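**Q**
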Amino acid sequence: MEPTIWGIIFVPLCALLMFFNPTIVIGILILSLSLQMTTIVNFPASNYGFQLYKYLTILFSLYLLIKVIYDGWKLRIQNYYLKQIFFVLLAFISYLFFISFAGPFIFNGIPVFPPLVGIDYSAVLGPSPLEFSSLNIVLPMYILFYSLTFLYIISYNIQEKDIKVILLFWKLSVFLTVFFLFLQFIFFFVIDDDVLKYIVNTAPQGEYGFAKFEYSESIFPRLRGTFQEPSMISPFLIGIFIYKLAQLERNLKDILSLIIILPLLFLTTSTTAYISLAIMIAIYLVLNLPIRYKRNSFFLQKSKVKIIAGVLLSLLLIFIILGGVLGFDFIIFTISTFVLEKPETLSYYSRTKSNIHSLQLFFDTYFMGVGMGSHRGSSLVANLLAITGIFGTTLFFMFIYAFLKYTYNVLKGTAYFPYFYLLPSILIPMSISIPDLTLPTFWQFLYITTLSIKIVQYGKQKEKDQK
């Protein structure tokens with residue numbers, strides 16, 4: 008066991024701050040969810056490092072438990088809608104624990120794609136018989152810790168000024184992510200390696216996530232920044248891109264952010280990223296359609312016409328700049344290699360076979376699922392059906408639907424509405440090829456959106472009080 012410099016600093020610091028200023032710890036948690044390869048302790052023998060963000064979610068869970076006990080086992084969620092939403096999440100977690108413990112015994116020996124083996128291995132050499140493992144305990148526990156942190160955010164009265172401080176940490180995480188991506192790209196041509204592993208990427212398991220590709224007899228890095236692999240950082244960048252795109256109607260200066268983010272997103276060379284970005288832009292345009300149907304007639308909303316025109320012109324300008332910076336030949340090569348030729352690759356074959364096998368598991372387990380930690384599919388829906396069955400999948404999407412609907416209604420028409428797009432920006436890539444519910448970016452976006460809801464409600468309450 009080898010403590011890292013980050014562990015030596017943040018383990019005692021956050022434990023101390025938790026009792027004096029938990030707001031700062033929430034901010035550090037938000038930041039750490041973007042530093043996914045930053046560990047507090049490494050275990051070289053098992054090639055594993057325990058990440059900072061995992062420690063902080065456990066710390067918040069313990070802190071919440073202590074507060075509940077101290078308050079006489081009382082926990083009040085003042086917001087009725089968030090309370091109902093959390094109850095749905097709690098029902099999902101309850102079933103998740105049940106099936107994750109019971110599934111491996113009920114369906115012992117059934118062929119699965121074990122999470123630790125890898126999809127490519129299982130797809131080529133065949134599935135393995137299901138056995139109970141430590142992952143059937145560990146992975147549901149991570150979901151529980153994430154959810155308890157969510158419960159803390161919605162149940163305790165975080166002041167408006169404190170939320171603004173947390174949002175500053177969020178902006179810092181965006182800045183650092185972009186900064187480290189540039190650093191990684193530039194230093195690759197100097198040291199032919201990932202410079203970030205000497206700074207923040209201290210996790211041993213991240214050593215194999217740094218990939219390269221060849222173009223015109225030159226080697227380029229597939230950017231992953233402070234994330235485990237390119238496919239992990241791409242949803243984060245998509246979320247930021249759409250968030251900034253939605254802010255254009257209020258602040259045209261955000262076009263500079265879009266010009267910076269798009270080339271970095273492009274250099275992840277993630278097929279999922281390219282497809283997800285196109286889908287999210289389409290969703291944004293649909294939600295802002297200038298045509299409105301009312302009383303058997305169609306109306307044209309001039310304000311939204313300006314928004315759509317501005318966004319389309321901005322996207323065209325960004326594409327031209329991207330072509331000027333990277334070269335249109337490079338763009339054509341990348342799209343051709345990582346999108347059009349994707350169906351011919353082993354990765355595409357493995358993911359397709361994994362999804363087919365996941366659906367087969369769904370039927371073979373009588374729609375119950377085999378439990379989290381037993382199997383890993385390649386897409387969110389197929390994976391959920393395989394591990395939680397019809398009941399767990401329904402509960403999860405009830406939670407997502409209720410949260411998105413409430414977020415849309417609360418944030419619509421406010422300066423914080425761009426935060427609404429964060430969660431869809433991660434759900435689309437998860438639905439394509441990143442099925443893990445333990446994905447830090449999913450929970451990071453959920454926390455940030457929840458905080459934006461609270462700050463809008465503070466503003467509405469002030470307006471009521473003034474009247």
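Counting along the sequence shown from 1, when you hit position 174 you're at 181 in our numbering, and nothing is skipped either side. In this text, a Cβ means the ideal position worked out from N, Cα and C, and glycines have one as well. Note that this is a predicted model, so its numbers are computed, not measured.
Quick check: the Cα distance between L324 and K260, rounded to an integer number of angstroms?
**A** Taking the first residue of the sequence shown as 1, we reach residue 324 at position 317. Taking the first residue of the sequence shown as 1, we reach residue 260 at position 253. Whole-angstrom Cα-Cα distance: 14 Å.
**Q** DSSP three-state call for E167: helix, strand or coil?
**A** Counting from 1 along the sequence shown, the entry for residue 167 is found at position 160. Here E167 sits in helix by DSSP.
**Q** Whole angstroms is fine: what's the gap from F108's alpha carbon to Y55's?
**A** Translated into positions along the sequence shown, residue 108 becomes position 101. Translated into positions along the sequence shown, residue 55 becomes position 48. Looking at the two C-alpha atoms, the distance is approximately 24 Å.
**Q** Hey, out of V318, T233 and I433, whose CA is closest to Q254's CA?
**A** Against the sequence shown, residue 254 aligns to sequence position 247. With distances taken between Cα atoms, Q254 lies closest to V318.
**Q** P134 to V75, Cα distance in whole Å?
**A** Here residue 134 corresponds to residue number 127 of the sequence shown, with the count starting at 1. Here residue 75 corresponds to residue number 68 of the sequence shown, with the count starting at 1. Computed Cα separation, rounded: 44 Å.
**Q** Could you check where the alpha helix (DSSP H) with K251 kicks off and where it finishes?
**A** Along the sequence shown, read from residue 1 onward, the residue named residue 251 stands at position 244. Note, K251: alpha helix (DSSP H), P237 to Q254.
**Q** Quick one: what's got a C-beta closer than 7 Å to S39's C-beta in the same chain, skipping five residues either side?
**A** Indexing the sequence shown from 1 puts residue 39 at position 32. Correct list, in chain order: T45, L59, Y60 and L63.
**Q** Would a C-beta distance cut-off of 8 Å place L230 and F194 closer than the cut-off?
**A** The residue you call residue 230 lines up with position 223 of the sequence shown. The residue you call residue 194 lines up with position 187 of the sequence shown. Going by C-beta atoms, L230 is not nearer than 8 Å to F194.
**Q** For the region 453-465 against the region 267-283, are there 3 or more C-beta pairs whose distance is under 8 Å?
**A** Contact fails: fewer than three Cβ-Cβ distances are below 8 Å.
**Q** Whole angstroms are fine: how far does the CA of T456 sit from the CA of Y426?
**A** Here residue 426 refers to the residue found at position 419 of the sequence shown. Here residue 456 refers to the residue found at position 449 of the sequence shown. Approximately 6 Å, taken between the alpha carbons.
**Q** Rounded to whole angstroms, what's the CA-CA distance from M375 to T401? Just pull it up for me.
**A** Position 368 of the sequence shown holds residue 375. Position 394 of the sequence shown holds residue 401. C-alpha separation (whole angstroms): 12 Å.
**Q** Who pairs with R229 in a beta bridge, going by DSSP?
**A** For the purposes of this step, residue 229 is identified with residue 222 of the sequence shown, where counting begins at 1. Answer by DSSP bridge pairing, in chain order: A218.
**Q** Between the alpha carbons of L434 and K412, how many angstroms are there, rounded?
**A** Reading the sequence shown from its first residue, position 427 is the one you call residue 434. Reading the sequence shown from its first residue, position 405 is the one you call residue 412. So the alpha carbons of these two residues sit roughly 15 Å apart.
**Q** Find out if the Cβ-Cβ distance for the pair L391, F406 is shorter than 8 Å.
**A** As a position in the sequence shown, residue 391 is number 384, starting the count at 1. As a position in the sequence shown, residue 406 is number 399, starting the count at 1. For L391 and F406, no; Cβs fall outside 8 Å.
**Q** Inspect the beta-carbon positions of M287 and S432 and report whether they are closer than 8 Å.
**A** Here residue 287 refers to the residue found at position 280 of the sequence shown. Here residue 432 refers to the residue found at position 425 of the sequence shown. A contact, by the Cβ cut-off of 8 Å.
**Q** What residues match up with N49 in a beta bridge as DSSP calls it?
**A** Looking up residue 49 in the sequence shown gives position 42. For N49, which the question treats as bridged, DSSP gives the partners E9 and G56.
**Q** Let's see if you can read the secondary structure: which residues bound the alpha helix (DSSP H) around H364?
**A** Position 357 of the sequence shown, counting from 1, holds the residue named residue 364. Taken as a continuous stretch (DSSP letters only), the alpha helix (DSSP H) holding H364 covers L353 to D371.
**Q** Nearest to P476 by alpha carbon, out of I73, P10, R383 and F370?
**A** Only positions 8 to 474 of the chain appear in this structure, which leaves residue 476 out of reach.
**Q** Go ahead and label S141 buried or exposed: buried means 16 or more other beta carbons lie within 10 angstroms of its beta carbon, across all protein chains shown.
**A** For the purposes of this step, residue 141 is taken as residue 134 along the sequence shown, with counting starting at 1. It is exposed - the Cβ of S141 has fewer than 16 other Cβ atoms within 10 Å.
**Q** DSSP three-state call for P270: helix, strand or coil?
**A** Along the sequence shown, one-based indexing puts residue 270 at 263. Three-state result, P270: helix.
**Q** Identify, in the order they occur along the chain, each residue of the same chain with its Cβ nearer than 6 Å to the Cβ of L284, setting aside the five sequence neighbours on each side.
**A** Counted from its first residue, the sequence shown places residue 284 at position 277. Correct list, in chain order: I245.
**Q** If you reduce the DSSP assignment to three classes, tell me which class V480 lands in.
**A** With the chain covering 8 to 474 only, the question about residue 480 has no answer from this structure.
**Q** Output needed for A130: all residues of its chain with C-beta closer than 7 Å, excluding positions within five of it in sequence on either side, in chain order.
**A** Walking along the sequence shown from the start, residue 130 turns up at place 123. So the qualifying residues of the chain are Y356, S357, K360 and S361.
**Q** Tell me the DSSP secondary structure of P7 in three-state form.
**A** No answer is possible for residue 7: it lies beyond the span of the chain, which begins at 8 and ends at 474.
**Q** State yes or no: is the C-beta of Y250 within less than 8 Å of the C-beta of I342?
**A** The residue given as residue 250 occupies position 243 in the sequence shown. The residue given as residue 342 occupies position 335 in the sequence shown. In this structure, I342 does not lie closer than 8 Å to Y250 by Cβ.
**Q** Would you call the region 94-101 and the region 363-383 in contact, with 3 or more CB pairs under 8 Å?
**A** No contact exists between the region 94-101 and the region 363-383.
**Q** Return the residue from the list I267, I315, S68 and S381 that minimises the CA-CA distance to L158.
**A** If you number the sequence shown from 1, residue 158 lands on position 151. L158 has its Cα closest to that of S68, out of I267, I315, S68 and S381.
**Q** CB N143 to CB G378, shorter than 8 Å?
**A** Residue 143 sits at position 136 when you count from the first residue of the sequence shown. Residue 378 sits at position 371 when you count from the first residue of the sequence shown. The answer is yes: Cβ separation under 8 Å.
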